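Taking numbering that gives the first Met the number 0, the leading residue of the sequence shown gets 0, the next gets one more, and so forth. By construction, the Cβ of each residue, glycine as well, lies at the ideal position given by its N, Cα and C atoms. In this text the structure is predicted, and so the values were computed from the model without any measurement.
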Amino acid sequence: MKEADNIQLASFINTTNPKVVISEVRTLFSVHYPKKYFNAINRSYRNIKKLFEGKFPGYKACNTEYHNLNHTLDAFLATSRLIYGYNLEEEKKMPLDLTIDLLISSMFHDTGYIQEEWDNAGTGAKYTKTHIGRSIAFLVKEERKFNITQENIAIISRLIRCTGLNTNLNDIPFISNEERIAGSILGTADILGQMSDRIYLEKLLFLYYEFREAGIQGFNTEFDIIRNTIDFYEQTKKRLDKSFMKKYDYARYYFKDRFNIDQNLYMKAISNNIAYIYKIIDDNSTNFRHKLKRGDWINKSYELSNRVEL
Numbered sequence: 000m001k002e003a004d005n006i007q008l009a010s011f012i013n014t015t016n017p018k019v020v021i022s023e024v025r026t027l028f029s030v031h032y033p034k035k036y037f038n039a040i041n042r043s044y045r046n047i048k049k050l051f052e053g054k055f056p057g058y059k060a061c062n063t064e065y066h067n068l069n070h071t072l073d074a075f076l077a078t079s080r081l082i083y084g085y086n087l088e089e090e091k092k093m094p095l096d097l098t099i100d101l102l103i104s105s106m107f108h109d110t111g112y113i114q115e116e117w118d119n120a121g122t123g124a125k126y127t128k129t130h131i132g133r134s135i136a137f138l139v140k141e142e143r144k145f146n147i148t149q150e151n152i153a154i155i156s157r158l159i160r161c162t163g164l165n166t167n168l169n170d171i172p173f174i175s176n177e178e179r180i181a182g183s184i185l186g187t188a189d190i191l192g193q194m195s196d197r198i199y200l201e202k203l204l205f206l207y208y209e210f211r212e213a214g215i216q217g218f219n220t221e222f223d224i225i226r227n228t229i230d231f232y233e234q235t236k237k238r239l240d241k242s243f244m245k246k247y248d249y250a251r252y253y254f255k256d257r258f259n260i261d262q263n264l265y266m267k268a269i270s271n272n273i274a275y276i277y278k279i280i281d282d283n284s285t286n287f288r289h290k291l292k293r294g295d296w297i298n299k300s301y302e303l304s305n306r307v308e309l
């Protein structure tokens, strides 16, 4: 068994490269299901990628720096890994049709941030509070281009609702326990994908400006979102454990089978990020911005600060 103490989650897959991500998801899918059924997933992937890049007819390119294509790919990959772990651990594999719907759901779940061509006011961040409903509306409106049936639209819509942080899963009319588990996997993957990102702390500054444009209260400065992430994590951990029934455990089975690492590297990465937030909060010696050094975040965050009316 490999020692995982010094192994980083980001060392396995470059999630900023769409080709690498779709290749890995295809590989994981093909271990448990016939390869030919991946075509439906690949079709949705191509269209979603076009949507975020501004190449989908009738829509602008994604202009939110936090809820962007990279986050969607992170959630897509995390969903695939959790499905893989589920199929290893449970007595029966997840049904093929539900697996396809679940993977498609992970790609659709934040499409509500995308603006239509006629929408020239602000950015997609203004739809933060309504993005889930808009994501479902986009799916319904563009069903023909994605070749998704009415029955599948209903399932995918229910799964997308599971990504709402304030959504009570008991309010969603799942048609089976398997579908509820699939929804828990998607909700879990959405959280794991973003909070385990090696530049999660830097990207929180982008989230701050999305919240400001959306009119979400309680965030008056950039530092507020850093500080409030501690409470957010505590609430999120309870949601992962209770509402989503600890489905993050499936990631451990994935890493053990694929890389001989008996550890959940997603949860490890999240713990490391939270631990660093505590260090930032406790250290008053310098401005917290000087402790966020990964990625080209500083130039982008300054651009956002100039664009958003404070």
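With 16 other CB atoms within 10 Å as the buried threshold, where does residue i fall?
i	result
Leu-95	exposed
Pro-17	buried
Ser-156	buried
Asn-167	exposed
Val-20	buried
Ala-188	buried
Leu-50	buried
Glu-308	Note that Glu-308 scores 45 on pLDDT, short of 50, meaning its location in the model is unreliable; the coordinates nonetheless yield the value given after this. With fewer than 16 Cβ atoms within 10 Å of its Cβ, Glu-308 is classed as exposed.
Asn-176	exposed
Ala-310	Any answer about residue 310 is impossible in this case: the structure gives the chain only from 0 up to 309.
Ser-363	Nothing in the structure corresponds to residue 363, since the chain is present only between 0 and 309.
Asp-281	exposed
Val-30	exposed
Ile-174	exposed
Ala-74	buried
Lys-246	buried
Ser-43	buried
Ala-250	buried
Ser-22	exposed
Leu-239	buried
Ile-184	buried
What residue range is occupied by the uninterrupted alpha helix (DSSP H) comprising residue i?
i	result
Glu-233	221-237
Pro-17	17-31
Asn-151	149-160
Gly-132	130-140
Where does residue i fall in DSSP's three states?
i	result
Tyr-208	helix
Glu-201	helix
Tyr-85	helix
Tyr-65	coil
Asp-282	coil
Tyr-247	coil
Glu-310	The shown model of the chain, from 0 to 309, leaves out residue 310, and the question about it has no answer.
Met-93	coil
Leu-164	coil
Tyr-262	Reading off the sequence, residue 262 comes out as Gln, not Tyr. Of the three classes helix, strand and coil, the one that applies to Gln-262 here is coil, per DSSP.
Ala-120	coil
Phe-173	coil
Gln-193	helix
Asn-13	coil
Asn-272	helix
Ile-215	coil
Asp-100	helix
Asp-109	coil
Thr-38	According to the sequence displayed, residue 38 carries Asn and not Thr. Note: Asn-38 maps to helix in three-state DSSP.
Asn-146	coil
Tell me, which residues are paired with residue i by DSSP?
i	result
Glu-311	Nothing in the structure corresponds to residue 311, since the chain is present only between 0 and 309.
Glu-115	Tyr-58
Nearer than 8 Å: is that true of the beta carbon of residue i relative to any heavy atom of the ligand PLP?
i	result
Lys-34	Summarising the ligand content, the structure contains no ligands, and the ligand PLP is consequently not present.
Compare the C-beta of residue i against all C-beta atoms of chain C and say whether one is closer than 9 Å.
i	result
Ser-43	Annotation note: the requested chain C is absent from the structure, which comprises a single protein chain.
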